[in-house]
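Structure first, commentary second.
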Amino acid sequence: MCGIIGVTGEADAVPLLLGALHQLEYRGYDSAGIAMVVDGESADAGAGAGPGPAGAIWRVRAAGGTDSVAKLAELAADAPQGHHAAIGHTRWATHGSPTAENAHPHTDCTGRLAIIHNGIIENHAELRAELEAAGHTLTSATDTEVMAHLIEQDMAGGASLPEATRSMLRRVRGAFSIAAISADEPDTIVAARRSTPLVLGLHDGMALLASDIPALIGHTRRVFALADDELAVLRPGSLEVTTLDGVAVEPEQLTITWDVEAAQKGGFADFMSKEMHEQPDAVADTLLDRRGRGGELILDEMRLSADDLRAIDKVFIVACGSSYHAALVAKYAIEHWVKVPVEVDIASEFRYRDPVLNGRTLCVGVSQSGETLDTSEAVREAARLGAKVLVVSNVVDSSMARAADGVLYTRAGPEIGVASTKCHLAQIVALEVLGLYLAQILGTQPASKINEILNAMEVLPGLITEALARAGDVDDVASKLTDARDFFFLGRHVGYPVALEGALKLKELAYLRAEGYPAGELKHGPIALIEPGTVVVGIATRNPLWEKMLSNVAEVRSRGATVVLVADDGDEESAAVADHVLWVPPTYPLIAPVIGVVPLQQLAYRLARLHGHDPDRPRNLAKTVTVE
Ligand code: F6R
């Protein structure tokens, strides 16, 4: 979720770059940098570049979270005059800590080339090994830097910047939007994309590019979309777009009617809607780059050795709120696949009881922010008791990630809406990947089974997209429930944590009383509350307890409840016991929560709107809870 800006044809590029990076701040970032081709013998203010015959690359980079653009502005005050092609970047770390050395732009060995990147290069490890064997020195821990050195190789053989970039793109796998500049072609920027956004702009002798529209709006409304696997060559006042195979294409011009604030939300009414629509990417990115050549799982950042993991005889997962619900889903999956006991605990309770842990216990702390006090104190307590601690976090080098023995990052990008959506889905996926990894190490599932589940996970992004596209159906159901005040969310098996998450979303966004319950437990008390007017939302996607779930639903319906069911497409048996159905595409039962929760997010969102509440700013709530 990095931010990208580039301009050529602007003699004083620094203010434009810094202004655009400010406009991209809403995306969140942990470090920032700019690089430009400048006249003469000027060198690198940050690291590693040297002077050259046709000018030089001048570069500054700064780390320090949301202060890094301000720090960059101070460093850039000393920029030399005479700017040619210029690029800027705000980084949200995925590979490598958020340090100045890992901040973009990255340069090659000569320091005459600089590149910025948003996305993930899946085969970076093998490319790095190949480049190092060929004598290249890589100075960062990022996946991005390999691209600079690949381009360097081809340019050393006489290729132009566009040719060398094209050839580099044939070597990399993964998701990217990139922009590269070279001191040998001072006024040229080469840009390309696959699966992550990039837009181009033209204005008065300038050409621009950016990761998204807000960065361009202040400069031009002549904005063009770059499509997947297209490459653009930007020169002052001109754009040339080709496919990666070199066939010329006419870029599509976009009609820009948004102001900056609307553009920051990507045209959505609020960040929550935008982030719900980013869920397919959040899941895809969390899965990227996790498999070796033979299809086996490789968790690079994990740090815990196979021997450490083989010694594990119990898993504790500690978390709060939506992260706790993701952990509950993982309990079903890990116990089924790995056959070790998994206990899931609310972090604020765990730390004050006497949990029984020892050196053979794996304690997994799950936190989107990696800063939640209850969870960080819980994992600290687990470490004190001798357990191995693994943290699942969306923020690279968050304080929890730094303190843990091992870490597994979700790659949802920054989440701005207070209610967790895309991070929740990414957490389920990351925890299930952890479960499959444990199954692989402990040999509790055959490789073919692990492969089959991973393959099913890899199609989840498409299924989430399908589920999201049905928002209109959810809106119709929501409009029939505007008078309801009491909601029960029921589920069994992995449907139970989905029910808890649906109830939490409704409480925090629409301020409606909502109880999440395991459906089989209802008859032990809470069924006394069911009466005409109560809304029961049931998770009836297929899992081993689906039939029992339908019997529980029949019980509440016969007592007058209005029943809304989340059901697999075409499941008429579920539809027969429901007043309203929220259809979802079916998938493998243990990963189905990733799909099942989507219509419940949409239901809570729509009811919040119908009741006049702003979903981005639910009352009394903070995004990161750093108090007890
Ligand atoms: C609910 C929500 C919260 C968080 C909880 C934990 O929509 O966002 O329940 O899930 O506060 O936060 P993290 O994951 O940052 O530890």
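Each residue of the sequence shown is one higher than the one before, starting from 1064 at the first, in the working numbering.
We put the CB at the ideal spot given by N, CA and C, even for glycine.
Do residue i and residue j have their CB atoms nearer than 8 Å?
{"i": "L1453", "j": "E1364", "result": "no"}
{"i": "A1149", "j": "A1076", "result": "yes"}
{"i": "C1426", "j": "A1445", "result": "yes"}
{"i": "V1187", "j": "G1096", "result": "First, the residue type needs correcting, since residue 1187 is His and not Val in the sequence shown. Not a contact, by the Cβ cut-off of 8 Å."}
{"i": "R1229", "j": "L1271", "result": "no"}
{"i": "L1544", "j": "A1671", "result": "no"}
{"i": "G1072", "j": "P1299", "result": "yes"}
{"i": "I1658", "j": "L1526", "result": "yes"}
{"i": "L1436", "j": "V1688", "result": "yes"}
{"i": "C1065", "j": "R1154", "result": "yes"}
{"i": "L1317", "j": "A1288", "result": "yes"}
{"i": "Q1342", "j": "T1484", "result": "yes"}
{"i": "V1539", "j": "A1156", "result": "Looking at the sequence provided, one finds Asp at residue 1539 rather than Val. No; because the gap between Cβ atoms is not below 8 Å, this pair is not in contact."}
{"i": "I1241", "j": "H1147", "result": "no"}
{"i": "V1600", "j": "V1627", "result": "yes"}
Skipping 5 residues on each side, what residues in its chain have a beta carbon closer than 6 Å to that of residue i?
{"i": "L1714", "result": "Residue 1714 falls outside the range modelled here, since the chain spans only 1064 to 1691, and no answer is possible."}
{"i": "A1110", "result": "Because A1110 sits at a pLDDT of 37, beneath the cut-off of 50, its placement in the model cannot be relied upon, and the point is left open."}
{"i": "D1549", "result": "R1576 and T1597"}
{"i": "V1660", "result": "V1561 and E1564"}
{"i": "V1296", "result": "P1225, V1253 and E1303"}
{"i": "P1404", "result": "K1377"}
{"i": "A1227", "result": "I1214, D1217 and M1218"}
{"i": "N1421", "result": "G1449"}
{"i": "S1027", "result": "Residue 1027 is absent from the structure shown; the chain starts at 1064 and stops at 1691."}
{"i": "D1102", "result": "G1118 and G1145"}
Taking just the CA atoms, how far does residue j sit from residue i?
{"i": "D1344", "j": "S1258", "result": "9 Å"}
{"i": "K1451", "j": "I1513", "result": "24 Å"}
{"i": "R1191", "j": "I1244", "result": "21 Å"}
{"i": "K1686", "j": "A1482", "result": "7 Å"}
{"i": "E1584", "j": "K1570", "result": "21 Å"}
{"i": "I1361", "j": "L1367", "result": "12 Å"}
{"i": "L1567", "j": "D1352", "result": "32 Å"}
{"i": "L1673", "j": "D1634", "result": "29 Å"}
{"i": "R1447", "j": "V1429", "result": "18 Å"}
{"i": "R1236", "j": "A1582", "result": "45 Å"}
{"i": "A1630", "j": "P1656", "result": "12 Å"}
{"i": "S1462", "j": "H1487", "result": "19 Å"}
{"i": "I1184", "j": "I1409", "result": "36 Å"}
{"i": "T1401", "j": "L1499", "result": "Rather than Thr, the amino acid found at residue 1401 in this sequence is Val. Straight-line Cα distance between these residues: approximately 8 Å."}
{"i": "L1684", "j": "Y1574", "result": "12 Å"}
{"i": "T1283", "j": "D1267", "result": "9 Å"}
{"i": "D1632", "j": "E1324", "result": "37 Å"}
{"i": "G1588", "j": "V1619", "result": "13 Å"}
{"i": "L1080", "j": "I1593", "result": "59 Å"}
{"i": "C1383", "j": "E1406", "result": "14 Å"}
{"i": "E1478", "j": "E1338", "result": "7 Å"}
{"i": "L1087", "j": "I1276", "result": "9 Å"}
{"i": "A1098", "j": "V1070", "result": "11 Å"}
Taking CB distances under 8 Å as the criterion, tell me whether residue i reaches chain D.
{"i": "D1679", "result": "Here chain D cannot be found, since the structure has a single protein chain."}
Looking only at its chain, what residues have a beta carbon closer than 8 Å to the beta carbon of residue i, apart from the 5 residues adjacent to it on each side?
{"i": "D1333", "result": "G1480, D1677, P1678 and D1679"}
{"i": "V1522", "result": "T1650"}
{"i": "R1354", "result": "L1360, I1361 and L1517"}
Keeping to the same chain, check which residues put their C-beta closer than 7 Å to that of residue i; ignore five residues upstream and five downstream.
{"i": "P1116", "result": "Low confidence applies to P1116: its pLDDT is 46, below 50, so where it sits in the model is not reliable, and the reading given next is rough at best. No residues qualify anywhere along the chain."}
{"i": "V1537", "result": "L1645, P1662, Q1665, L1666 and R1669"}
{"i": "H1399", "result": "L1653"}
{"i": "A1083", "result": "I1068, G1151, A1273 and A1278"}
{"i": "H1199", "result": "C1172 and H1212"}
{"i": "H1638", "result": "Before going on, a small fix: residue 1638 reads as Ala here, not His. Contacts found: A1630 and V1644."}
{"i": "G1330", "result": "W1321"}
Name the DSSP beta bridge partners of residue i, please?
{"i": "N1181", "result": "S1240"}
{"i": "F1550", "result": "A1577 and V1598"}
{"i": "C1426", "result": "F1379 and V1452"}
{"i": "S1203", "result": "None, per the DSSP bridge assignment."}
{"i": "A1148", "result": "None, per the DSSP bridge assignment."}
{"i": "A1288", "result": "V1262 and E1315"}
{"i": "S1245", "result": "L1176 and E1248"}
{"i": "S1301", "result": "R1298"}
Within 7 Å: the Cβ of residue i and any heavy atom of the ligand ATP?
{"i": "L1517", "result": "Questions concerning the ligand ATP fall outside what the structure shown contains, since the ligands it does hold are the ligand F6R."}
Are at least three pairs of beta-carbons, each pair with one atom in the stretch 1366-1381 and one in the stretch 1501-1518, less than 8 Å apart? yes
Is there contact between the stretch 1607-1616 and the stretch 1551-1565, where contact requires at least three CB pairs shorter than 8 Å? yes
Can at least three beta-carbon pairs, one atom from the stretch 1217-1229 and one from the stretch 1259-1269, be found at a separation below 8 Å? no
Cβ contact check for the stretch 1162-1173 and the stretch 1088-1095: 3 or more pairs under 8 Å: yes
Stretch pair the stretch 1129-1137 + the stretch 1205-1215: three plus CB contacts closer than 8 Å: no
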